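This report refers to the structure that appears directly beneath it.
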Amino acid sequence: MNDKIASLLNQQINKELYSAYLYLHIANYYDEMDLDGYANYYMIQAQEERDHALLFLKYMQNNGLKVTFEAIDQPDGKYDSPLAPLEHAAEHERYVTSLINDIYHACHEGKDYRTMKFLDWFVDEQMEEEDNADSMVNRYKLFGIDPKGLYSLDQEYAARVYSAPSLVL
Ligand code: FEO
Numbered sequence: 005m006n007d008k009i010a011s012l013l014n015q016q017i018n019k020e021l022y023s024a025y026l027y028l029h030i031a032n033y034y035d036e037m038d039l040d041g042y043a044n045y046y047m048i049q050a051q052e053e054r055d056h057a058l059l060f061l062k063y064m065q066n067n068g069l070k071v072t073f074e075a076i077d078q079p080d081g082k083y084d085s086p087l088a089p090l091e092h093a094a095e096h097e098r099y100v101t102s103l104i105n106d107i108y109h110a111c112h113e114g115k116d117y118r119t120m121k122f123l124d125w126f127v128d129e130q131m132e133e134e135d136n137a138d139s140m141v142n143r144y145k146l147f148g149i150d151p152k153g154l155y156s157l158d159q160e161y162a163a164r165v166y167s168a169p170s171l172v173l
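Counting from 5, one number per residue, gives the positions in the sequence shown under the working numbering.
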C-alpha cells in the first residue's frame, strides 16, 4: 500500500471519531432541550461513528500499517433551533462522503484493489447516512414546526436501537 493511502486511512480514523464527537455534541443539545428521542438518535449515531473508526483502525492493523492517533477537533456548531443540528449533520455526512471518495480515488490510482473492496462497505454506508440525515431534515420541516408533530417525531426517534455494523474484519 502506498504512503498516501495509508495516511488517508489513518486520517479517516480521526474523522470518524470527530463525527462521533459531533454527534455527542448534537445529542447533548437535544438532551438540554428535553427532546430525548432526538438525543437518543444521535447517541446511537455517535456509537456508529465510533464503530466506523474502529473498522478503519482494524483494517490498518490487519495490513501491518503504523497508526497515529491525532487530536480530535472540538465540535463546532451553536444551534438556534432544533432544525439547525439536523442540517449540520446532513452537511457533515456529505463531507464524510467526499473523504471516502478521496480515499477511493487514491486507491484507484494506486491500484489498491484490496482497500477499494474494504471501502465498498463505506460507499454504501454513506448513501444510507446521507439519506437518513436528509430525511431527518425534511421530516422536521414537514412536521416539526407543530408541537404535536415534533412530539411525535421525538417519540419515533426514541425507539431507535443500536445495532453493530454488518462489516466484520
Ligand atoms: Fe462514518 Fe456518518 O459516516
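Glycine residues also receive a C-beta, built at the ideal position from the N, C-alpha and C atoms.
All of these numbers come straight from a predicted model, not from anything done at the bench.
Span separating the alpha-carbon of tyrosine 108 from that of isoleucine 9: Along the sequence shown, one-based indexing puts residue 108 at 104. Along the sequence shown, one-based indexing puts residue 9 at 5. So the two alpha carbons sit approximately 9 Å from each other.
Cβ-based neighbour list, histidine 29, same chain, cut-off 7 Å, excluding 5 preceding and 5 following: Within the sequence shown, residue 29 is the residue found at index 25, counting from 1. Correct list, in chain order: Pro79, Gly81.
Spatial distance of histidine 56 from tyrosine 22 (CA atoms): In the sequence shown, the residue the question calls residue 56 occupies position 52. In the sequence shown, the residue the question calls residue 22 occupies position 18. So the two alpha carbons sit approximately 11 Å from each other.
When Leu154, Glu52, Tyr144 are compared against serine 170, the one with the closest alpha-carbon: In the sequence shown, counting from the first residue as 1, residue 170 sits at position 166. Checked all of Leu154, Glu52, Tyr144; the closest Cα to serine 170 is Glu52.
Meets three-Cβ-pair contact criterion under 8 Å: the region 101-119 and the region 147-158: Fewer than three pairs of CB atoms, one per stretch, sit closer than 8 Å, so the region 101-119 makes no contact with the region 147-158.
Distance cut-off 7 Å: valine 127 Cβ against heavy atoms of the ligand FEO: The residue you call residue 127 lines up with position 123 of the sequence shown. False, no ligand heavy atom lies under 7 Å from that Cβ.
Residue range of the unbroken alpha helix (DSSP H) whose run includes glutamine 49: For the purposes of this step, residue 49 is taken as residue 45 along the sequence shown, with counting starting at 1. 40-66 is the span of the alpha helix (DSSP H), which, as asked, contains glutamine 49.
Short Cβ contact (8 Å threshold) for isoleucine 149 with glutamine 130: The residue you call residue 149 lines up with position 145 of the sequence shown. The residue you call residue 130 lines up with position 126 of the sequence shown. Taking 8 Å as the Cβ cut-off, isoleucine 149 and glutamine 130 do not qualify as a contacting pair.
Beta-carbon spacing of glutamate 132, arginine 98 below 8 Å: For the purposes of this step, residue 132 is taken as residue 128 along the sequence shown, with counting starting at 1. For the purposes of this step, residue 98 is taken as residue 94 along the sequence shown, with counting starting at 1. Arginine 98 is positioned such that its CB atom lies no closer than 8 Å to that of glutamate 132.
Heavy atom of the ligand FEO within 7 Å of histidine 109 beta-carbon: Along the sequence shown, one-based indexing puts residue 109 at 105. Incorrect: histidine 109 has no Cβ contact closer than 7 Å to the ligand FEO.
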